[in-house]
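Novice: Quick note on UniProt numbering: the sequence shown kicks off at 1 and runs consecutively. Here it is: the structure, laid out below.
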Amino acid sequence: MCIFCDIIHGKLEGYIIYRNKFATVILDKYPISPGHTLILSNTHYENFLEVSHEDICEISKVINAVAKAVKDSVNAEGIRVLTNVGKSAGQVIFHFHTHVIPTWDDPPEEFKGFEPRKEQGKEYYESLKNVISYNLRKYL
């Protein structure tokens, strides 16, 4: 049983921003920072090292576009793009995914009360999902 496969196949709710043949983009349920987004491979691969050449090329295009859209959407000063491979590297869910995590030296006022790694309210997810989805159209 894989939580990401369940989200991709509609068995579990996820705040899906975008989907194509190769990838599904969702908001992280327990974000490190506002706008923390995940890009999931639609094919179940345990980690980055297992992904086919074709899939990684196509997924990389999505990762690039999502990073730009997230940066625009939350006025981030920087973006962390990372993939953990293996438990010792911090991988918790063994389905290939990439994190896009916005960063600031001094977060904007609207994010001052944000608590990292806590589930946010539905309004938070819906609002960000709509803004990121809108901005993503510029890059895909």
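All C-beta atoms in this analysis are idealised placements derived from N, C-alpha and C, irrespective of residue type, glycine included. Computed from a prediction, not measured in an experiment: that's the story for all the values here.
Can you list, in chain order, the residues of its chain whose CB lies under 6 Å from that of residue 90, leaving out five sequence neighbours each side?
Specialist: Counting only Cβ-Cβ distances below 6 Å, and skipping sequence neighbours, we find 84.
Novice: Count the other CB atoms within 10 Å of the CB of residue 31; is the residue buried (16 or more) or exposed (fewer)?
Specialist: Its Cβ being crowded by 16 or more others within 10 Å, residue 31 is buried.
Novice: Does DSSP put residue 18 in a helix, a strand or coil?
Specialist: Of the three classes helix, strand and coil, the one that applies to residue 18 here is strand, per DSSP.
Novice: Only counting runs of 4 or more residues, tell me where the alpha helix (DSSP H) segments fall wholly within the UniProt domain "HIT" (3 to 110), in order along the chain.
Specialist: For the UniProt domain "HIT" (3 to 110), whole alpha helix (DSSP H) runs of length 4 or above, ordered along the chain, are 3 to 8, 53 to 74.
Novice: If we call anything under 8 Å between Cβ atoms a contact, is residue 99 one with residue 2?
Specialist: No, the pair does not count as a contact, with Cβ atoms beyond the cut-off.
Novice: Leaving out five residues on either side along the sequence, give the residues of the same chain with a beta carbon under 6 Å from the beta carbon of residue 47.
Specialist: Around residue 47: 85, 96.
Novice: Since residue 128 is in the alpha helix (DSSP H), which residue starts that stretch and which ends it?
Specialist: Taken as a continuous stretch (DSSP letters only), the alpha helix (DSSP H) holding residue 128 covers 122 to 136.
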